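**Q** Everything in the sequence shown is counted per my numbering, starting at 1472 for the first residue and increasing by one.
We put the CB at the ideal spot given by N, CA and C, even for glycine.
Quantities reported herein were computed from a predicted structural model and do not represent experimental measurements.
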Amino acid sequence: MAKTIYLDESGCLGWKLEEAYGRGGSSRHFTLAAAVLPEGEDAVLNRVVRGIYKRRGRPIKNEIKSVSLSPAERDNFARQLAAIKRDRAGFQFATITVRKENVSAGFRRHPNGLYNYMVGLLLLEMMAQEQSVAFIPDARSVRIELKHAMHDYLCTKLSALGADTFLETTPWESKDSLGLQFVDILAGVVWGNHEFRTGNAYRIVSPHVRQKRLFFDPPQKATLIDAERATYQALDFDPNVA
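#1: For the beta strand (DSSP E) containing PRO1509, name the first residue and the last one.
#2: I'd like the list of long-range same chain contacts for PHE1637, defined as Cβ closer than 8 Å, with 5 residues on each side in sequence excluded.
#3: With burial defined as no fewer than 16 other Cβ atoms inside 10 Å of the residue's Cβ, what is the status of ALA1641: buried or exposed?
#4: Can you list the alpha helix (DSSP H) stretches of 4 or more residues lying completely in the segment 1642–1690, in chain order?
#5: If you draw a straight line from the alpha carbon of LYS1692 to that of GLY1577, how long is it in whole angstroms?
#6: Have a look at VAL1676 and GLU1596 and give me their C-alpha separation to the nearest angstrom.
#7: Is the segment 1546–1553 close to the segment 1668–1675, with three or more CB pairs under 8 Å?
#8: Specify, as a first and last residue, the run of the alpha helix (DSSP H) that LEU1585 falls within.
#9: State the start and end residues of the unbroken alpha helix (DSSP H) segment that holds GLY1522.
#10: How do the segment 1504–1520 and the segment 1652–1664 stand: do at least 3 beta-carbon pairs fall below 8 Å, yes or no?
#11: Pop quiz: ASP1609 and ASP1479 are said to be a contact at Cβ under 8 Å. What is the actual Cβ separation, rounded to whole angstroms?
#12: Helix, strand or coil: how does DSSP classify ASP1479 here?
#13: ALA1553 lies in the alpha helix (DSSP H); which residues open and close that run?
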């Protein structure tokens, strides 16, 4: 079966954690969000985002970013996501959030490696179940030279899992894709909950989104193998538990 996967992010991968975020400092968390849907059903996501533009009387060519949405707009988005998950077979929504203060020095030196690692943890299991995947990450998040590295990383991991998935990776500009704008809003809702503990929207979407957390516990002394095993075991969590 063929699937389309949209991927976007919220937060940053900077490491200025001594200063407050927005006042010279970096975000304390970084979130990736994905929408997985049957091929050809992009209009379901597009309709939600197009409705935001319509209610604002704003042309679609003038892109709306997640950070500019009002609480009421976020809540309405969350209710529509919940309805999609309830009524549409084959749609999945997933996020992974890293607590950056606990990220190792190695990953801090190579944030692109951390990005790819998070993408793998978030998407490989779902990709491996499909015959074909059209993977569409936000082009601003993936520079041209890194697009190939991420694609090769995912293909290698899929092969290691014994999957025969045909993966096509095509970064798009979010201004040209309502699907990417949809996952930008989802990423903002989940990231905002971790970064600021804000939002009724998060409480609405939470039961309908598969969420993972990475490095939320302080690092412990362990071998590399034990640490990686513990990380995998700790990824799935109940989003309703603080």
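**A** Let's see:
#1: According to the DSSP assignment, PRO1509 belongs to the beta strand (DSSP E) that extends over 1500–1509.
#2: These residues qualify, in order along the chain: GLN1602, SER1603 and VAL1604.
#3: For the sequence presented, residue 1641 should be read as Thr rather than Ala. Under the 10 Å beta carbon count, THR1641 is surrounded by fewer than 16 other beta carbons and is classified as exposed.
#4: Counting only runs of 4 or more residues that sit fully inside the segment 1642–1690, the alpha helix (DSSP H) segments are 1649–1667 and 1671–1676, in chain order.
#5: At LYS1692 the pLDDT is 48, less than 50, meaning the model places this residue with poor confidence and gives no usable figure here.
#6: Cα-Cα distance, rounded: 22 Å.
#7: Touching, yes.
#8: For LEU1585, the enclosing alpha helix (DSSP H) has its first and last residue at 1582–1598.
#9: For GLY1522, the enclosing alpha helix (DSSP H) stretches over residues 1513–1527.
#10: Result yes; three or more Cβ-Cβ pairs closer than 8 Å.
#11: Their Cβ separation, rounded to whole angstroms, is 5 Å, which keeps ASP1609 and ASP1479 in contact under 8 Å.
#12: It is a strand residue.
#13: Its alpha helix (DSSP H) spans residues 1542–1558.
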